[in-house]
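Just so we're aligned: 278 in the UniProt record's numbering is position 278 of the sequence shown, and the numbers increase by one with no gaps anywhere.
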Amino acid sequence: MPSTNWNLNEIKKHYIHQDYRWSSIFDAVPCKPFEQGLDKPINPFRVICESILAQQISYKASKAVCYKFIRYFYPHLPEKREKDDPEEFPTPEQVANTEVSRLREIGFSVRKGEYAVGLAQAFVRGEITPRKLIEASDEELMEMLTNIRGIGPWTVHMLSIFMLRRVDILPPADLGVQLGLVKFWLGHELKAAKNHGHIDVSDEKQNEMINQNDDIRSAQQSVTSLDSNGAVKAVPLPKEALEIGLKESVLRERLKKRLKKGNIYLTAKECEALTANWRPYRSIGVYYMWIIKGDKE
């Protein structure tokens, strides 16, 4: 179902041409949404439904509720959830005809029960179909899905990246992306990679990344140096960022203290400016910002 009318190698070249640091990042960390599981069939109703059920609860709790939901319709499944998710999942028709009170019995709140049933009814009515999801523009997709109760812009952005694999998505309201951008442009990407649970970056490899030869530096028009903490300083900020007053000193301050208005690291306009050079492939950079922000997957 997802679109694969893109070439990841060409996308990586685009990034490396803009900023040589991406070469080391791509070598260290696979871009999972765009490298893995590309041939795996996707059930859009399942993906969207599970994203709604996962809202405002922990990953573990969401998995437990989703399994109870599946088992309600497929009682032959073991009572205890196994490691892998079951292949079974209720159809929109099954869920559309389910009373919200029944869903409450398996752990749904009233609101989430209404959201799940409403989503199923939208599929049954044909308001959402796999073809519509694929063929809609980003703007049309946002309108289509946010018309469904329980789906907001952030959820649409996540679905666009991880389900539809659209390559130019920027979720500016995501705090993880904001923090990743601040750290990336302050040159913290190597430290984040070293601390990431799935990456092994030795001190020798880190020095190799830092001490690149003059030819590469010249080709990328970049200069690296170390700050007092031993982290690599960022390459020059995009001109779009400088034009709106974003400087390294501003980013250092944001790393210490969020903006009072909205309790955010960056505004949407600032996120747009810092990722301007990534267009038209911002989804790839966004994925790495979640890693660079410092949390393990």
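Note that the Cβ used here is the ideal one computed from N, Cα and C, for glycine as well.
{"query": "Assigned secondary structure, Leu164 (DSSP; H/G/I helix, E/B strand, else coil)", "result": "coil"}
{"query": "Which of helix, strand or coil DSSP assigns to Ile264", "result": "strand"}
{"query": "Sequence-distant residues of the same chain with beta carbon closer than 6 Å to Val167, five excluded per side", "result": "Trp6, Tyr281, Ser283"}
{"query": "Beta-carbon spacing of Tyr115, Arg71 below 8 Å", "result": "no"}
{"query": "Inter-residue Cα distance where the pair is Pro238 and Thr275", "result": "8 Å"}
{"query": "Assigned secondary structure, Leu145 (DSSP; H/G/I helix, E/B strand, else coil)", "result": "helix"}
{"query": "Length of the line joining the Cα atoms of Arg175 and His157", "result": "It is Leu, not Arg, that sits at residue 175 in the sequence shown. So the two alpha carbons sit approximately 14 Å from each other."}
{"query": "CA nearest to the CA of Leu259, picked from Tyr67, Ile106, Arg279, Val182", "result": "Val182"}
{"query": "Segment limits, alpha helix (DSSP H) that includes Asn9", "result": "8–18"}
{"query": "Under the three-state DSSP convention, the category Leu246 falls into", "result": "coil"}
{"query": "Integer Cβ distance of Tyr265 from Leu179, believed to fall under 8 Å", "result": "5 Å"}
{"query": "Leu259 in three-state terms, based on DSSP", "result": "strand"}
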